[in-house]
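Numbering (the working numbering), first residue to last: 19 to 156.
Note sheet for the following structure.
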């Protein structure tokens, strides 16, 4: 339990930083994304108290990743921690994000670019978080 708590906390912090950095890169490369995020008919403004939950998400994800890693780590082989984290992160991402992004694209009035940016951001964030967790479980 102690390993789950500590790895979740550290991975959550690293993932929120990673997510924000990747988001800034996408917004810089594609200014239309920033405009889309500022559309009040699609997204809540940052001043809305519910938006604070945005900062909780990486920690919840880190708890899930830590628990799943603890239960499945023997299934992921690799010479290095990064190899294991990459395989684990890709598996988790494929199971959760691909279907989630498909349903998001089909049900919400957001651009394909936004869906692609969410998918890539999620992939990077999950792999980075997985790496932190794999290293902390060594």
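Even for Gly, the Cβ is constructed at its ideal location relative to N, Cα and C.
* Asked: Can you tell which of 82, 84, 109 and 81 has the C-alpha that lies nearest to the C-alpha of residue 94?
  -> Position 76 of the chain shown holds residue 94. Answer by Cα proximity: 109.
* So, do the region 61-73 and the region 104-122 have three or more beta carbon pairs nearer to each other than 8 Å? -> Result no; under three Cβ-Cβ pairs closer than 8 Å.
* Asked: What number of angstroms, rounded off, separates the C-alpha of residue 83 from the C-alpha of residue 102?
  -> To locate residue 83, count along the chain shown from 1; it is residue 65. To locate residue 102, count along the chain shown from 1; it is residue 84. Between the alpha carbons of residue 83 and residue 102 lies a gap of roughly 13 Å.
* To do: Mind checking which residues open and close the alpha helix (DSSP H) that includes residue 48?
  => Taking the first residue of the chain shown as 1, we reach residue 48 at position 30. From DSSP, residue 48 is part of no alpha helix (DSSP H); its letter is neither H nor E.
* Asked: Would you call the region 42-59 and the region 112-126 in contact, with 3 or more CB pairs under 8 Å?
  -> Taking a contact to require three or more Cβ pairs closer than 8 Å, the region 42-59 and the region 112-126 do not qualify as touching.
* residue 105: first and last residue of the uninterrupted alpha helix (DSSP H) it sits in -> By one-based count along the chain shown, residue 105 stands at place 87. Annotation: the continuous alpha helix (DSSP H) that includes residue 105 extends over 99-125.
* Between residue 146 and residue 32, which are expected to be in contact by the criterion C-beta below 8 Å, what is the C-beta distance as a whole number of angstroms? -> Start at 1 with the first residue of the chain shown, and residue 146 comes out as number 128. Start at 1 with the first residue of the chain shown, and residue 32 comes out as number 14. Rounded to whole angstroms, the Cβ separation of residue 146 and residue 32 is 6 Å, and the two are in contact under 8 Å.
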